[in-house]
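A.B. asks: I'd like to ask some things about the structure below.
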Amino acid sequence: MFGSARSKLKAWIAGGIGTFAALAVGGALGMFDSLQKPVVMLEPGQPVETGPWEVRPLRAYTVDKGVYGLPLKAGEKALVFEAEMTNRTALSSKDYFTTFKSTGGTDDKPYIVLVRDSSMSPALQPGLPERMAYVWGLPAGATPPERFVLAVNGEIYKKRDNLYGVPGWYNEHVIGTVAIPVGAGPDTPDIRP
Amino acid sequence: MIQRIANIAVLLLAALLCYGMQTTKPHYADLTAPIPVYGKIGETIQARTFDIAVDKVVFARTLKFDRFGQKKLLTTGGIWAIVTARLDARDRSAMVAAATWQGPDGLNYRASERTSLAAGALPVALDPGVAGRTRLVFEILPSQAADALLLVSGKLAGPLDSEARVALGAVALQADGVPEGTIETYELSDAF
Amino acid sequence: MSIAAQPIDETGNERTPAERRWWLRSLLALIVLVPAALAVMSYEDIRELLRNRDFFAKDVAWGNKARFGGSDWQLTDLRAALGRADIPPEVVPVLVDLTVTVGETDLQSLWLSCRIMLIDGTGRRWLPTAAVSFRQTDDAMTCNSAIFSGAKGGDVLKIRETFLVPKDATATIRPAVGVASERPGFLLFQRPQN
Chain A
418 MFGSARSKLK AWIAGGIGTF AALAVGGALG MFDSLQKPVV MLEPGQPVET
468 GPWEVRPLRA YTVDKGVYGL PLKAGEKALV FEAEMTNRTA LSSKDYFTTF
518 KSTGGTDDKP YIVLVRDSSM SPALQPGLPE RMAYVWGLPA GATPPERFVL
568 AVNGEIYKKR DNLYGVPGWY NEHVIGTVAI PVGAGPDTPD IRP
Chain B
2 MIQRIANIAV LLLAALLCYG MQTTKPHYAD LTAPIPVYGK IGETIQARTF
52 DIAVDKVVFA RTLKFDRFGQ KKLLTTGGIW AIVTARLDAR DRSAMVAAAT
102 WQGPDGLNYR ASERTSLAAG ALPVALDPGV AGRTRLVFEI LPSQAADALL
152 LVSGKLAGPL DSEARVALGA VALQADGVPE GTIETYELSD AF
Chain C
3 MSIAAQPIDE TGNERTPAER RWWLRSLLAL IVLVPAALAV MSYEDIRELL
53 RNRDFFAKDV AWGNKARFGG SDWQLTDLRA ALGRADIPPE VVPVLVDLTV
103 TVGETDLQSL WLSCRIMLID GTGRRWLPTA AVSFRQTDDA MTCNSAIFSG
153 AKGGDVLKIR ETFLVPKDAT ATIRPAVGVA SERPGFLLFQ RPQN
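Residue numbers (my numbering), protein chains in the order written: chain A, 418 to 610; chain B, 2 to 193; chain C, 3 to 196.
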């Protein structure tokens, strides 16, 4: 009777220690995760691998007229950013809408155009590099920045996702930021590495 | 003593069995994948809702395309592959909505959206007894031209539906890497 | 008494006749229960499957009206539209005209996924085509545009759909109508008699 009570106590203590250990490990991991990681500054003109894409930021400039088939009303301005993008995956993809994010001073969502023939956000083919233009509208009266700061987002490949067990690219995260000088007009030259 | 060893052995065996089952379990994506129907260029392949027979494949460096009455020359960083095929509905009206060029390295090129306004582009609606045609345009890497498979299905995402897989055969490459017989400009005319 | 004839349970006791009787009854019950459980589990799936299919035809004689999806449906015309230069000669555009007297007005749920078809003698089915269109001179609409027309009870709607049918099928084709609220049943109209 007494022996059995003692073994019960032992089991409780062992279980308790296990629980606390698990909580401590989880908490520590969470703390590491939330630690502010230093922002990686990416060099314009240099290729960056984001997971599904290899991107090379080339140039940025402002326009006050329509560009690549996108109309612009009189008095409106837009900030154009161009990059060379290569689909690294094995399937045609247009998973590039959030690859570059403006860090402020512009409209939220850009229009994305294939420079080659001004088609609006077509799927890009595996292994074929294309020059893409991201066009952000500028709020009325805003002065365009001297250097346009963009966040470059990447994704990781999962063989099976947690919900459906299908393969794909998930967990978008910031790889780094790129600050690119803003030229005036579409004659701005590409940045050479 | 022997009892204890036996217990451990049983436990290890169970762990091994579980691991084996886990690693050999088919992927969910495979379990719900389209059901392939194989065939060759020139043959009529019978999918669940449609029949397809690929006539020919043409490679071109540029495409000429009349968009809203305005002539356009479509260029590419790779080459254009143009596939023409006959399509027939089976016993009821059907749609053919998706086509993919699968190169020998497993790279999958969806039919180009840049030519989606041309005559014969997908999706194509088919009626029983009414001959249908499609002209599929792909933008591919020249290295993916030979021994490619053409995958054609009724829906863009068609789990557990049939998918025609047409072997497009060997293609000789020129010294500059593009397939032999690649033409300079292919005109995406209304008749094809 | 052999072991096989007298099964022993896990405590080593022999089974009493009462236990044996219950064991047998349970076994027999499984023969009924297993199929019943399967039926209950797949009931929803089968219903969903039937709700998407036009399965059981309800014949409507020429000139008659039939209550379907809360309204009265009548076939008014089935005719070939010849003389189109852009259509190959072995294919015939066919126009189907239906007159519907709206009864219950909740068309958006009663007529959901409305499908007008042509069915020929061998069971082939055609859906409306978008490949050819004819200039509409009157107030005819398609089934799906009628759903959003805001029709009131008692309104008479003219519904017209265009089909592409091979010549060999034109002798036997019959128009048919299916809506989600009536599936798996559908209306199959008799061909015009005149």
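A virtual CB, placed ideally from N, CA and C, is assigned to each residue, including glycine.
Quick caveat: nothing in here was measured; it's all calculated off a predicted structure.
Kindly indicate the opening and closing residues of the beta strand (DSSP E) around asparagine 579 of chain A.
C.D. replies: Along the first sequence, one-based indexing puts residue 579 of chain A at 162. Note, asparagine 579 of chain A: premise wrong, no beta strand (DSSP E); not H, not E.
A.B. asks: Put alanine 15 of chain B into one of helix, strand or coil per three-state DSSP.
C.D. replies: Taking the second sequence and counting its residues from 1, the one referred to as residue 15 of chain B is at position 14. If DSSP states are grouped into helix, strand and coil, alanine 15 of chain B belongs with the helices.
A.B. asks: So which residues on chain B does glutamine 542 of chain A lean against when the C-beta distance must stay under 9 Å?
C.D. replies: For this step, residue 542 of chain A is matched to residue 125 along the first sequence. Under the 9 Å cutoff, chain B gives Thr77, Gly78, Gly79, Leu108, Tyr110, Arg111, Ser113, Phe139, Glu140, Ile141 and Leu142.
A.B. asks: Are three or more beta carbon pairs between the segment 166-175 of chain C and the segment 142-153 of chain C nearer than 8 Å?
C.D. replies: Touching, no.
A.B. asks: Suppose the cutoff is 8 Å on Cβ atoms and the five residues either side in sequence are ignored; what does the same chain contact list for phenylalanine 57 of chain C look like?
C.D. replies: The residue you call residue 57 of chain C lines up with position 55 of the third sequence. Answer for phenylalanine 57 of chain C: Arg185, Pro186, Gly187 and Phe188, listed in chain order.
A.B. asks: Taking the alpha-carbon positions, what's the arginine 93 of chain B to aspartate 170 of chain C distance?
C.D. replies: Residue 93 of chain B sits at position 92 when you count from the first residue of the second sequence. Residue 170 of chain C sits at position 168 when you count from the first residue of the third sequence. Using only the alpha carbons, I get a separation of about 15 Å.
A.B. asks: Can you look up phenylalanine 514 of chain A in the DSSP assignment and give me helix, strand or coil?
C.D. replies: Here residue 514 of chain A refers to the residue found at position 97 when the first sequence is read from its first residue. Coil at phenylalanine 514 of chain A, not helix or strand.
A.B. asks: Can you list the residues of chain A that tyrosine 20 of chain B reaches, using a CB-CB cut of under 8 Å?
C.D. replies: The sequence position of residue 20 of chain B within the second sequence is 19, counting from 1. Ordered by position in chain A, no residue passes the 8 Å Cβ test against tyrosine 20 of chain B, which lies about 17 Å from the chain.
A.B. asks: To which residues of the same chain is proline 37 of chain B closer than 7 Å at the C-beta, ignoring the five residues directly before and after it?
C.D. replies: Sequence index remark: in the second sequence, residue 37 of chain B carries index 36 (1-based). Excluding positions up to five away in sequence, the list reads Glu164 and Arg166.
A.B. asks: Using only CA atoms, which one of A/Asn570, A/Ala550 and A/Lys511 lies nearest to alanine 495 of chain A?
C.D. replies: Sequence index remark: in the first sequence, residue 495 of chain A carries index 78 (1-based). The shortest C-alpha separation from alanine 495 of chain A is found at A/Ala550.
A.B. asks: Apart from the five residues just before and just after arginine 23 of chain C, which ones in its own chain have a Cβ nearer than 8 Å to its Cβ?
C.D. replies: As a working note, residue 23 of chain C is residue 21 in the third sequence. Correct list: empty, nothing qualifies.
A.B. asks: What residues of chain B sit near glycine 125 of chain C, judged by a beta carbon separation below 7 Å?
C.D. replies: One-based indexing of the third sequence puts residue 125 of chain C at position 123. Here the neighbours are Asp92.
A.B. asks: Look at the alpha carbon of valine 172 of chain B and the alpha carbon of lysine 156 of chain B, and state the distance between them as a whole number of angstroms.
C.D. replies: On the second sequence, position 171 is the one that residue 172 of chain B refers to. On the second sequence, position 155 is the one that residue 156 of chain B refers to. Taking the straight line joining both Cα atoms gives about 29 Å.
A.B. asks: Step through the CB atoms of chain A and report whether any lies within less than 8 Å of the CB of lysine 72 of chain B.
C.D. replies: Here the question's residue 72 of chain B lines up with position 71 in the second sequence. No, because no Cβ of chain A sits closer than 8 Å to the Cβ of lysine 72 of chain B.
A.B. asks: Please classify cysteine 116 of chain C as buried or exposed, where buried requires at least 16 neighbouring CB atoms within 10 angstroms.
C.D. replies: Your numbering for residue 116 of chain C matches position 114 in the third sequence. Under this definition cysteine 116 of chain C is a buried residue.
A.B. asks: I need the straight-line Cα distance from glycine 432 of chain A to glutamate 501 of chain A, nearest angstrom please.
C.D. replies: Position 15 of the first sequence, counting from 1, holds the residue named residue 432 of chain A. Position 84 of the first sequence, counting from 1, holds the residue named residue 501 of chain A. Roughly 56 Å between the two C-alpha positions.
A.B. asks: State yes or no: is the beta carbon of glycine 130 of chain B nearer than 8 Å to at least one beta carbon in chain D?
C.D. replies: No chain D appears in the structure shown, which is made up of the protein chains A, B and C.
A.B. asks: Beta-carbon of valine 583 of chain A versus every beta-carbon of chain B: anything under 8 Å?
C.D. replies: The sequence position of residue 583 of chain A within the first sequence is 166, counting from 1. Yes, contact with chain B.
A.B. asks: Got a sec: which bits of the segment 470-503 of chain A sit with their beta carbon under 7 Å from any beta carbon on chain B, in order along the chain?
C.D. replies: Going along the segment 470-503 of chain A in chain order, one finds no residue with a Cβ nearer than 7 Å to chain B.
A.B. asks: Evaluate glutamate 563 of chain A with the Cβ neighbour count: other Cβ atoms within 10 Å of its Cβ, from every protein chain shown; 16 or more gives buried, anything less gives exposed.
C.D. replies: On the first sequence, residue 563 of chain A is found 146 positions in, with the first residue counted as 1. Answer is exposed; the Cβ neighbour count stays below 16.
A.B. asks: Go through the segment 129-169 of chain C residue by residue and report every complete run of the beta strand (DSSP E) that reaches 3 residues or more, in order.
C.D. replies: Whole beta strand (DSSP E) segments, 3+ residues: 158-168.
A.B. asks: In its own chain, which residues sit with a C-beta less than 6 Å from the C-beta of alanine 6 of chain C, not counting the 5 before and 5 after it?
C.D. replies: As a working note, residue 6 of chain C is residue 4 in the third sequence. Confidence at alanine 6 of chain C is low in this model, with a pLDDT of 48, below 50, so the placement of that residue is unreliable and no value is reported for it.
A.B. asks: Since phenylalanine 58 of chain C sits in a beta bridge, which residues does DSSP pair it with?
C.D. replies: Taking the third sequence and counting its residues from 1, one reaches residue 58 of chain C at position 56. Answer is C/Gly187.
A.B. asks: Which of the three DSSP states is assigned to glycine 554 of chain A in this structure?
C.D. replies: Translated into the one-based positions of the first sequence, residue 554 of chain A becomes position 137. Reduced to three states, the DSSP call for glycine 554 of chain A is strand.
A.B. asks: So, is the C-beta of proline 455 of chain A closer than 8 Å to a C-beta in chain B?
C.D. replies: Position 38 of the first sequence, counted from the first residue, corresponds to residue 455 of chain A. So no, proline 455 of chain A is outside the interface.
A.B. asks: Does the beta carbon of alanine 30 of chain B come closer than 8 Å to any beta carbon on chain A?
C.D. replies: Within the second sequence, residue 30 of chain B is the residue found at index 29, counting from 1. At least one chain A Cβ lies under 8 Å of alanine 30 of chain B.
A.B. asks: Kindly say whether aspartate 607 of chain A, judged by its beta-carbon, lies nearer than 8 Å to any beta-carbon of chain B.
C.D. replies: The count along the first sequence starts at 1 and reaches residue 607 of chain A at position 190. Cβ-Cβ to chain B under 8 Å: no for aspartate 607 of chain A.
A.B. asks: Could you name the residues of chain B that glutamate 547 of chain A contacts, counting a contact when the two beta carbons are closer than 8 Å?
C.D. replies: Taking the first sequence and counting its residues from 1, one reaches residue 547 of chain A at position 130. Neighbours of glutamate 547 of chain A on chain B, chain order: Gly78.
A.B. asks: Quick check: threonine 515 of chain A and glutamate 471 of chain A, are their CB atoms within less than 8 Å of each other?
C.D. replies: On the first sequence, position 98 is the one that residue 515 of chain A refers to. On the first sequence, position 54 is the one that residue 471 of chain A refers to. No, Cβ-Cβ distance for threonine 515 of chain A and glutamate 471 of chain A is not below 8 Å.
A.B. asks: From what residue to what residue does the alpha helix (DSSP H) around valine 484 of chain A run?
C.D. replies: By 1-based counting over the first sequence, the position of residue 484 of chain A is 67. Valine 484 of chain A -> no alpha helix (DSSP H), and no H or E assigned at all.
A.B. asks: Pick out whichever of B/Ala90, B/Glu140 and B/Gly70 has its Cα sitting closest to the Cα of alanine 100 of chain B.
C.D. replies: Residue mapping note: residue 100 of chain B aligns to position 99 of the second sequence, counting from 1. Ranking B/Ala90, B/Glu140 and B/Gly70 by Cα distance to alanine 100 of chain B puts B/Glu140 first.
A.B. asks: Distance check for arginine 62 of chain B and glutamate 185 of chain B, CA to CA, integer angstroms please.
C.D. replies: Stepping through the second sequence from its first residue, residue 185 of chain B is reached at position 184. Stepping through the second sequence from its first residue, residue 62 of chain B is reached at position 61. Rounded to the nearest angstrom, the two C-alpha atoms are 5 Å apart.
A.B. asks: Candidates C/Gly123, C/Pro37 and C/Trp128: which alpha carbon is nearest valine 96 of chain C's?
C.D. replies: Within the third sequence, the letter at position 94 stands for residue 96 of chain C. Valine 96 of chain C has its Cα closest to that of C/Trp128, out of C/Gly123, C/Pro37 and C/Trp128.
A.B. asks: Output the distance between the C-alpha atoms of lysine 518 of chain A and methionine 448 of chain A, rounded to the nearest integer angstrom.
C.D. replies: Your numbering for residue 518 of chain A matches position 101 in the first sequence. Your numbering for residue 448 of chain A matches position 31 in the first sequence. Each residue's alpha carbon lies about 26 Å from the other.
A.B. asks: Run through DSSP, which three-state label would leucine 169 of chain B get?
C.D. replies: Your numbering for residue 169 of chain B matches position 168 in the second sequence. Three-state DSSP puts leucine 169 of chain B in coil, outside helix and strand.
A.B. asks: How far does the beta strand (DSSP E) with leucine 32 of chain B in it extend, from its first residue to its last?
C.D. replies: As a position in the second sequence, residue 32 of chain B is number 31, starting the count at 1. Run containing leucine 32 of chain B: none in the beta strand (DSSP E); it sits in the alpha helix (DSSP H), 29-32.
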